[in-house]
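Here the structure is laid out as structure tokens; the discussion comes afterwards.
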Amino acid sequence: MIDLLAASYPYLKAFHVMSVISWMAGLFYLPRLFVYHAERAATGTEPVASFVIMEDKLLRVIMRPAMIATWISGLCLVLTPGIVDWSMVWPWVKAACVLAMTWFHGWCAAERRRIIDQTPLPGRRYRMMNEVPTLLMIGIVLAVIVKF
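Offset between the sequence shown (1-based) and my numbering: plus 26.
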């Protein structure tokens, strides 16, 4: 198994990067859909049913599979010998940021369900939450590239 991971490392890493990009695209876009949903619901000027469909499909068709692929490929990369030096700080920072990003994904899924049943939060709140994945991405990229 270890030899297979080492031999397929470049392809596994490429798949991981593609999965992360797909997941991040959804994490950036879903809170923005929440903003539009909340603003339209508050004014009553536009039906919100289309937002419910877009939010559901984004979460189920893009974000969830991309998150699972990111986690599986990431764990395979971590298990590849010689890739991660756990005595350094960077892998722990990355792991903490990835766990926080997974929590944010869960928050988005829960918020999508809550919006359907209740009144959405104010659009300003979703705008602030929209910055969370950006901050986590900065932490991950700095940790992986700089390797502090």
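The C-beta atom is built at its ideal place from N, Cα and C for all residues, glycine as well.
The three-state secondary structure of Ser113, taken from DSSP, is coil. Note on geometry: alpha-carbon atoms of Leu168 and Thr160 lie some 12 Å from one another. Taking C-beta atoms under 8 Å as the contact rule, Met114 and Lys173 qualify, at a distance of about 7 Å. Judged by their CB atoms, Pro57 and Cys123 are not nearer to each other than the 8 Å cut-off. Here Gly52 is buried, its C-beta having at least 16 other C-beta atoms within 10 Å.
Secondary structure of Lys173 (DSSP, three-state): coil. Annotated three-state conformation of Ser34 is coil, per DSSP. Cβ neighbours of Leu105 within its own chain (closer than 7 Å, five residues either side excluded): Leu31. Thr106 carries a coil assignment under DSSP once its states are collapsed to helix, strand and coil.
The three-state secondary structure of Pro91, taken from DSSP, is helix.
Residues of the same chain with a CB within less than 6 Å of the CB of Leu84, apart from the 5 flanking positions on each side, are Gly52 and Leu56 in chain order.
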